[in-house]
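For the sequence shown, numbering that gives the first Met the number 0 gives the first residue as 0, with consecutive numbering after it. Beta carbons are placed, not taken as given, at the ideal position from N, Cα and C, and that holds for glycine. None of these values were measured; they are calculated from a predicted model. Notes to accompany the following structure.
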Amino acid sequence: MKIGIAGTGKMGAAIAARLMGLGHEITVWNRTAAKTRELAAAGANVAASPAALGQSVEVILTILTDDKAIDELYNGPQGLLSGKIAGKLVIEMSTVRPEVEIALADRVKQKGGALIECPVSGTTGPAREGKLFGFAGGADADVARVKPLLESMCRRVEHVGPVGSGARMKLAVNLPLFVYWQALGEALLLCRSLDLEPERLMSILADTSGAANAIKTRGGAVAAHLAGKDAGPVSFAVDGVCKDLETMIAAGKALGGTLPAAETALRCFREAAGAGLGEADQSVLPARWAKSVKR
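As C-alpha cells, this is what we get:
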C-alpha cells in the first residue's frame, strides 16, 4: 500500500519504520526536513509539501505535536487540503482536543475525503514493534476500511465511537499515568531515609497493588535517574506531558468539569520543564521530586 506520513518526530518515524518493514511504500513529509533523512536513507520517499504527499498516496497518516501544527499542515498554502484528496482516507493520530478532530473531519469531508482518528497509547518501542493500543473514532465503514492497517501498527484497536471519541479516550488513558509519575515521586520522597539501592526500591514498589504498568517498563529509568546515571533514550518528554495535560484540562472544562489531580500534575511537570528538563523523559519527574528535599 502507498502510505503517506506527515509528522516524522519520534513516534511518526517509529511508525514509518514499522510500516516500511512490512513492505508498504512510504512517503514522508516533515516541517523540519532533517527529521526525514534517516527514513529517506532507509528507502522512504520524501514529499516536497503536504499537498504533494497527499496526492501521491492512497492513505494519509498524520501525527503532530499540537493544534497549531495540525492547522499549518492541513490549511497552509501547500497544506494537505490544498491538494487533491477526494476519495482518500486520512488517519489522524495526534493527541488533541476532540473538537479539533471533529472540525478537521468536516474540512476533509468538504474536500471529498474521509477522516478517522486513531491516537495511540504507547511509546517508540511499541511503535516499532506494532504493539501500540489504538483508539479509533469515525464512521463504521471508514474504520473498517483501514482496520487491517491499524492492526499492523497496534496490538489492539478499539473503535470507540464517531470522530472525537478517540481523542477523548486517549486523554482519559494518559491522565492517570501522568498523575502517577507525581504520586510515585512523593512515595519515593517518603523512602529517602531508608537508604535502599534505587533498583531494589523500585522493585519493591513495582510489586505492590499501587503500582502502575509504567513502573514495570520505565522503573529502570526512574532508578537510573535516582542514582544519577544515564536513563537511556527518551520515550516521551516532559514538554509533551505538559502539552497533553493542558489538553486534558481544557477538555474537562469543555464538559463543565474540573481535573484537580491533572492540574497539580501539570504544575509539577511545568516546574521540571522550567528547571531545564523539558526534553528529558517523563520518568525524570519522580526522581526529581524525591530529591527535592535535601538530606
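In this structure, the straight-line span from the alpha carbon of R17 to that of S164 is close to 26 angstroms. Distance from the CA of G277 to the CA of T64, rounded to the nearest whole angstrom, comes to 14 angstroms.
Leaving aside the five residues that flank A279 on each side, the residues in its chain whose CB is nearer than 6 angstroms to its CB run, in chain order, V237. Only exposed fits L193, as fewer than 16 other CB atoms lie within 10 angstroms of its CB. Closest in C-alpha terms to A220, from the list I248, G209, L200, comes L200. Per DSSP, the continuous alpha helix (DSSP H) segment holding K108 begins and ends at 97-109. In the DSSP annotation of this structure, V56 is not part of any beta strand (DSSP E), being labelled neither H nor E. In this chain, the beta strand (DSSP E) harbouring H158 covers 153-160. Burial check for K87: the Cβ neighbour count within 10 Å reaches 16 or more, so the residue is buried. With fewer than 16 neighbouring CB atoms inside 10 Å of its own CB, T207 falls in the exposed class. Of the candidates A5, F268, L21, P118, A5 places its Cα closest to the Cα of I59. L174 has its alpha-carbon roughly 15 angstroms from the corresponding atom of G256. Nearest neighbour of E185 by Cα position, chosen from V172, L284, R127, turns out to be L284.
Excluding sequence positions up to five before and after L170, its CB lies within less than 6 angstroms of the CB of M247, A250, all in the same chain and listed in chain order.
The C-beta distance from A271 to R287 rounds to 6 angstroms, short enough to meet the 8 angstroms contact threshold. Partner residues in the beta bridge of L131, as assigned by DSSP, are C153.
Around A226, the same chain offers P197 as residues with beta carbons nearer than 7 angstroms, after the five sequence neighbours per side are excluded. Restricting attention to alpha helix (DSSP H) runs no shorter than 4 residues, the stretch 13-62 encloses them at 36-40, 49-54, ordered along the chain. Residues of the same chain with their beta carbon placed closer than 6 angstroms to that of A253 are lacking, with the five preceding and five following residues left out of the count. A Cβ-Cβ contact shorter than 8 angstroms links M152 with G133.
Counting only runs of 4 or more residues that sit fully inside the stretch 209-277, the alpha helix (DSSP H) segments are 212-226, 237-253, 259-271, in chain order. Separation of the CB atoms of A33 and S81 is rounded to 24 angstroms, and the pair is thereby denied contact status at 8 angstroms.
Taking C-alpha positions only, S282 is separated from L187 by approximately 13 angstroms. Assignment of beta-bridge partners to L88 by DSSP yields V58, A113.
Scanning R269, M92, A222 for the CA closest to the CA of F177 turns up R269.
Here DSSP, grouped into helix, strand and coil, assigns S291 to coil.
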